[in-house]
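Per our numbering, residue 1311 is the first one in the sequence shown, and the count goes up by one each step.
Glycine residues also receive a C-beta, built at the ideal position from the N, C-alpha and C atoms.
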Amino acid sequence: MSPDTHRMSAAVLYGKEQLRIERVSVPQLGPGDVLVRVRAALTCGTDVKVFRRGYHAKMIVPPAVFGHEMAGIVEEVAPGVESFEPGAFEHALNRLGLERLQPHMDQTQRWDRDLSQDEQIALAFARILMHKPAWVLVDDTFGSLDDETLERVTDVFAQELAQTGLINIGRAAQSRDPFFSRVLHLVKASPNLTLAHDATSSSKEPAGHS
């Protein structure tokens, strides 16, 4: 944001490969919201797909502010915001194998250049671990992780995030991994799409992982 506290610079998507840097209004906070001054932003695979297609049916309809992988400084908090417990940041980093980042948590730099692809993904899951959302939607991510990182992520969802529903959009081979208890296939049936349920399941896995 600039000295004008009511306006900020943002990337606005207008359509297929049409992205403009514009001045837009600073978001108004609602209950439970946090206003963050962005200091670093990354581009993920979903961003690239949306940029090339010009839209995302559920995430963004142009024209709209573009991007969702970011970090920064908290500027303002609205009523209903609760603080994280002491040590929550360190615990999340440790669980995802990112202990080396602990001394650098207050530093601003080009982390997209300094972190490997696996580390960037692990950092995203560390953030999920801290917030413990009800649902997580993953777009073809697990197949790109190395075995050690995948094992850490799997253990986090089996332990701390056992009550979080996980939906993975990926290849059939990924979906049949024992990590998931249910597999849903989208089958094209003119003129509509229908859901076909795969009976493969495991009573040992947390409910809600698909």
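Closest by C-alpha distance to residue i, when choosing among the options
i: Leu1329; options: Gly1342, Gly1340, Gly1377; result: Gly1377
i: Gly1407; options: Asp1416, Asp1343, Phe1435; result: Phe1435
i: Val1387; options: Phe1467, Gln1338, His1441; result: Gln1338
i: Leu1471; options: Trp1445, Phe1361, Glu1379, Pro1373; result: Trp1445
i: Met1380; options: Pro1372, Arg1362, Arg1420, Arg1363; result: Arg1420
i: Pro1373; options: Gly1475, Ser1454, Glu1385, Val1334; result: Val1334
i: His1316; options: Asp1450, Gly1364, Glu1385, Lys1442; result: Glu1385
i: Pro1389; options: Val1358, Gly1355, Arg1363, Gly1340; result: Gly1340
Cβ-based neighbour list, residue i, same chain, cut-off 8 Å, excluding 5 preceding and 5 following
i: Ile1383; result: Val1346, Arg1347, Arg1349
i: Arg1363; result: Lys1326
i: Val1358; result: none
i: Glu1458; result: Gly1407
i: Val1344; result: Val1384, Glu1386, Val1387, Ala1388, Val1391
Cβ neighbours of residue i in the same chain (closer than 7 Å, five flanking residues each side left out)
i: Glu1332; result: Ala1320, Val1322
i: Tyr1365; result: Val1371, Pro1372
Bridge partner(s) assigned by DSSP for residue i
i: Arg1333; result: Ser1319
i: Val1384; result: Val1346
i: Asp1449; result: Ile1479
Residue i to residue j span [Cα, whole Å]
i: Gly1325; j: Leu1425; result: 30 Å
i: Ile1370; j: Gly1342; result: 22 Å
i: Asp1422; j: Pro1413; result: 17 Å
i: Phe1399; j: Glu1392; result: 15 Å
i: Asn1478; j: Ala1432; result: 16 Å
i: Asp1428; j: Met1415; result: 18 Å
i: Asp1456; j: Val1448; result: 16 Å
i: Arg1486; j: Thr1418; result: With a pLDDT of only 44 at Arg1486, under 50, the local geometry of the prediction cannot be trusted, and the value read off the model is given with reservation. Their Cα atoms are separated by approximately 39 Å.
i: Gly1397; j: Leu1352; result: 25 Å
i: Lys1368; j: Arg1410; result: 36 Å
i: Pro1443; j: Thr1474; result: 6 Å
i: Leu1476; j: Val1360; result: 22 Å
i: Leu1494; j: Asp1450; result: 15 Å
i: Gln1522; j: Gly1355; result: No information on residue 1522 is available, as it lies outside the stretch 1311 to 1520 that the chain covers here.
i: Val1375; j: Gly1453; result: 29 Å
i: Arg1492; j: Met1318; result: 43 Å
i: Val1336; j: Gln1469; result: 38 Å
Chain B contact for residue i (CB, 8 Å cutoff)
i: Phe1376; result: Absent from the structure: chain B. Only one protein chain is present.
Proximal residues to residue i (C-beta, below 6 Å), its chain only, five neighbours per side dropped
i: Ala1402; result: Ala1436, Leu1439, Met1440
i: Ala1482; result: Its pLDDT being 49, under 50, Ala1482 is placed unreliably in this model, and the coordinates cannot settle the point.
Pairing CB atoms from the region 1458-1466 with CB atoms from the region 1398-1418, are three or more of them under 8 Å? yes
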